[in-house]
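Converting from the sequence shown to my numbering requires adding 10 to each position, the first position being numbered 1.
Here a beta-carbon is modelled for each residue, glycine too, at the ideal position from N, C-alpha and C.
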Amino acid sequence: TGNQWGYGKDDGPSAWNKNYPVADGDRQSPIDILPHQARHDPNLGPIVLNYDRCTSINIANNGHSVVVEFEDSDDRSVIQGGPLDNPYRLKQFHFHWGGKGCHGSEHTVEGNSYASELHLVHWNAVKFKTFGEAASAPDGLAVLGIFRSDEHRWLHMITDALYTVKFKGSVTDFKGFNPKCLLPSSLHYWTYLGSLTTPPLHESVTWIVVKEPMIVSEKQLGKFRTLVFTGEEEDERTRMENNFRPPQLLKGRTVRSSN
Ligand SMILES: NS(=O)(=O)c1ccc(C(=O)NCc2cccc(O)c2)cc1
Ligand SMILES: [Zn+2]
Numbered sequence: 011t012g013n014q015w016g017y018g019k020d021d022g023p024s025a026w027n028k029n030y031p032v033a034d035g036d037r038q039s040p041i042d043i044l045p046h047q048a049r050h051d052p053n054l055g056p057i058v059l060n061y062d063r064c065t066s067i068n069i070a071n072n073g074h075s076v077v078v079e080f081e082d083s084d085d086r087s088v089i090q091g092g093p094l095d096n097p098y099r100l101k102q103f104h105f106h107w108g109g110k111g112c113h114g115s116e117h118t119v120e121g122n123s124y125a126s127e128l129h130l131v132h133w134n135a136v137k138f139k140t141f142g143e144a145a146s147a148p149d150g151l152a153v154l155g156i157f158r159s160d161e162h163r164w165l166h167m168i169t170d171a172l173y174t175v176k177f178k179g180s181v182t183d184f185k186g187f188n189p190k191c192l193l194p195s196s197l198h199y200w201t202y203l204g205s206l207t208t209p210p211l212h213e214s215v216t217w218i219v220v221k222e223p224m225i226v227s228e229k230q231l232g233k234f235r236t237l238v239f240t241g242e243e244e245d246e247r248t249r250m251e252n253n254f255r256p257p258q259l260l261k262g263r264t265v266r267s268s269n
C-alpha cells in the first residue's frame, strides 16, 4: 500500500520522499552533531524528568522497532525544563540499532555513530488534546535521545521480554517499568528543532540529545536483533536491524548546548 515504508533497499530512507515529500524539508532529523559548532546557551536550564508515577502498559513490535507504551491520560510522567516551555507527557519509548555492533544510532556526533539510540517520546498536552494533533504541530513533541554504546544492568528487563514480541504485530503486557533506569547519570544535552525520523516525518519535534551514552553489552544488543520486521504469518523472517535513518541536512539550523 502507498504508506508502506521500511529500511530496505526499495522502501528505505532514500525512498521516503516519494510518499512523504517533507522528507526533504527544512527541519528534518536526525542530524550529525558538531559539538564545537553548538552554541552554548546559559539560559538553557536542566532537563527535569518526573517519571516516578509513570505507568507502562505494554511492549510491542510495530514492524519498525520495539516500543514500550505508557498511560498518558494525565501528567503522571512528564519531561520539562531545558528548551521546553511547559511539561510534555511521556507516550512511548523505542530504539534504533544496527547490525553486528557497528552503526545503529540515528544522531551522530562528528560523524561517529553509536551502536544504538533510545528515544523517549513526549507530547505537549497543555496545547493539544491528542498525541496525533501534537505530532503535526511545530511545538507538539519532545523526544529525548540517548545513545547506547557497550553492559547495562537494567536493560535485561527489556531484553528478557524481547522474545515475546519477535514478530511484527505482537504485543505483551509490560507493567511497572520506569525508564529512568535507562538514563545516564548526567543529562547534559544538545537541543535543536527537528522532525520524526520515520514517516510521516512531521517537523514537530524539539530534540534533546543527551551527551553521555548509556552502556549496553554486545549480548544485549544481540537480543534486539532476534526481532523480525515481518509478521508471524509471513513466510520470510527479515531480522530487525539497521532501523535507523541517516543524518539529514542542517539547513541553517542552530544546535544549542546545555552547560
Ligand atoms: N523516531 S522518532 O522518535 O522520531 C518517532 C517518534 C514517534 C513516532 C510516531 O509516533 N509515529 C506514529 C504517528 C505519527 C503521527 C501521528 C500519529 O498519531 C502517530 C515516529 C517517530
Ligand atoms: Zn525513534
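Alpha carbon to alpha carbon, how far is residue j from residue i? Give it in angstroms, no decimals.
i: residue 60; j: residue 233; result: 29 Å
i: residue 187; j: residue 102; result: 12 Å
i: residue 194; j: residue 223; result: 7 Å
i: residue 129; j: residue 245; result: 30 Å
i: residue 104; j: residue 122; result: 21 Å
i: residue 216; j: residue 138; result: 15 Å
i: residue 18; j: residue 72; result: 16 Å
i: residue 191; j: residue 252; result: 25 Å
i: residue 168; j: residue 119; result: 26 Å
i: residue 107; j: residue 46; result: 26 Å
i: residue 74; j: residue 20; result: 15 Å
i: residue 94; j: residue 58; result: 10 Å
How far does the beta strand (DSSP E) with residue i in it extend, from its first residue to its last?
i: residue 129; result: 126-133
i: residue 155; result: 151-158
i: residue 145; result: From DSSP, residue 145 is part of no beta strand (DSSP E); its letter is neither H nor E.
i: residue 59; result: 57-60
i: residue 69; result: 66-71
i: residue 90; result: 88-91
i: residue 181; result: 181-183
Ignore the nearest five residues each way along the sequence and tell me which others in residue i's own chain have a CB closer than 6 Å to its CB.
i: residue 179; result: 241
i: residue 200; result: 43, 48, 219, 265 and 267
What does a CB cutoff of less than 8 Å around residue i pick up in its chain, not counting 5 residues either side in sequence?
i: residue 32; result: 38, 205, 210, 211, 212 and 213
i: residue 100; result: 61, 64, 80, 82, 87, 88, 89, 130, 131, 132 and 189
i: residue 56; result: 91, 92, 197 and 268
i: residue 98; result: 88, 89, 90, 132, 133, 134, 135, 151 and 152
i: residue 34; result: 27
Using DSSP bridges, identify the partner residues of residue i.
i: residue 103; result: 78 and 130
i: residue 267; result: 50 and 200
Go through its chain and collect everything with a Cβ distance to residue i's Cβ below 7 Å, but skip five positions before and after it.
i: residue 124; result: 114, 115, 157, 158, 159 and 223
i: residue 260; result: 41
Ends of the alpha helix (DSSP H) at residue i?
i: residue 168; result: 166-169
i: residue 222; result: Per DSSP, residue 222 belongs to no alpha helix (DSSP H); it is in the beta strand (DSSP E), 215-224.
i: residue 258; result: Run containing residue 258: none; DSSP gives neither H nor E here.
*Which runs of the alpha helix (DSSP H) fall wholly inside the segment 14-53 and span at least 4 residues, in chain order?*
26-29
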